[in-house]
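Numbers given in this note's numbering equal positions in the sequence shown, counted from 1, plus 124. Note that CB positions come from ideal geometry on N, CA and C, so glycine has one too. Input: a single structure, listed below in structure tokens.
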Amino acid sequence: MNSAGISTSLVRLEGIRLAQLVGEFRELLATADMRDEALNRLTPNPYPDDANAAREFADGTRSELLDRRGADALTVHEALAEFRIDGDEISEEEALRVQDLVVPPQDVDAWLRTLNAIRLVIASRLEIDGEDDHDPDDPRYGVYDWLGYRLELLIQAAEDAESP
């Protein structure tokens, strides 16, 4: 990967929506309500057959895992600052303008983890546990699929940047 990072293009409206999603994800992490299945999905249980071991593991790692996810999300949120809007409407021309976004090499992993974590939260909300659990023709799954597409583009761009 070159020292400048990787570049990806977004339609401005995509960047605005991504900034909103990352902001909502940060709010979810701030609540740390472990009754929320989405947060539980972000902190998986490696001991499903041993309740005591699972509880000890969660007590020892959950807070740290969520803090790391929060730090990653902050990195992404800050990078999307130019896409955030405060209630002002934008013209259709502005909304559809293509804009490049450069992700510095040291931030690529934070981006990958954050986009994936947001997909996990959405999957939890939509009760997606596998490929058969979601209907690509159902519009409720659009954001989930779009994030998967964005994640795939970012992975491809990172791989291309690492190629000699």
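Taking all protein chains shown into account, decide if residue i is buried (16 or more other Cβ within 10 angstroms of its Cβ) or exposed.
| i | result |
| --- | --- |
| residue 268 | buried |
| residue 199 | buried |
| residue 184 | exposed |
| residue 155 | exposed |
| residue 214 | exposed |
| residue 232 | buried |
| residue 222 | exposed |
| residue 234 | buried |
Out of the options, which has the shortest C-alpha to C-alpha gap to residue i?
| i | options | result |
| --- | --- | --- |
| residue 278 | 248, 236, 260 | 236 |
| residue 194 | 260, 150, 184 | 150 |
| residue 168 | 217, 231, 241, 147 | 241 |
| residue 205 | 157, 147, 232 | 147 |
| residue 230 | 166, 282, 143, 136 | 282 |
| residue 164 | 190, 228, 227 | 190 |
| residue 246 | 261, 227, 270 | 270 |
| residue 203 | 276, 128, 143 | 143 |
| residue 187 | 172, 174, 175, 166 | 166 |
| residue 209 | 276, 227, 145, 174 | 145 |
Span of the alpha helix (DSSP H) holding residue i?
| i | result |
| --- | --- |
| residue 144 | 136-155 |
| residue 215 | Counting along the chain, residue 215 falls outside any alpha helix (DSSP H), and DSSP gives it neither H nor E. |
| residue 193 | 175-203 |
| residue 273 | 266-286 |
| residue 238 | 232-249 |
| residue 165 | 161-166 |
Measure the beta-carbon distance from residue i to residue j and round it to whole angstroms, keeping in mind my assumption that it falls under 8 Å.
| i | j | result |
| --- | --- | --- |
| residue 272 | residue 243 | 6 Å |
| residue 197 | residue 153 | 7 Å |
| residue 140 | residue 285 | Actually they are not in contact, since the Cβ atoms of residue 140 and residue 285 sit about 25 Å apart, beyond 8 Å. |
| residue 239 | residue 134 | About 13 Å separates the two Cβ atoms, so there is no contact after all. |
| residue 248 | residue 177 | About 23 Å; that fails the 8 Å criterion. |
Would you mind reading off the limits of the beta strand (DSSP E) that contains residue i?
| i | result |
| --- | --- |
| residue 92 | Examination of residue 92 is not possible in this model, given that the chain is present from 125 through 288 alone. |
Counting only beta-carbon separations shorter than 8 Å, does residue i have a partner in chain D?
| i | result |
| --- | --- |
| residue 156 | Given the protein chain composition of this structure (a single chain), no chain D is represented. |
In its own chain, which residues sit with a C-beta less than 8 Å from the C-beta of residue i, not counting the 5 before and 5 after it?
| i | result |
| --- | --- |
| residue 264 | 250 |
| residue 136 | 207, 214, 218, 219, 220, 221, 222, 223 |
Leaving aside the five residues before and after residue i along the sequence, list all residues of the same chain whose C-beta is less than 7 Å from its C-beta, in chain order.
| i | result |
| --- | --- |
| residue 170 | 181 |
What residues in its chain sit with their C-beta under 6 Å from that of residue i, if we drop five residues either side in the sequence?
| i | result |
| --- | --- |
| residue 258 | 252, 265 |
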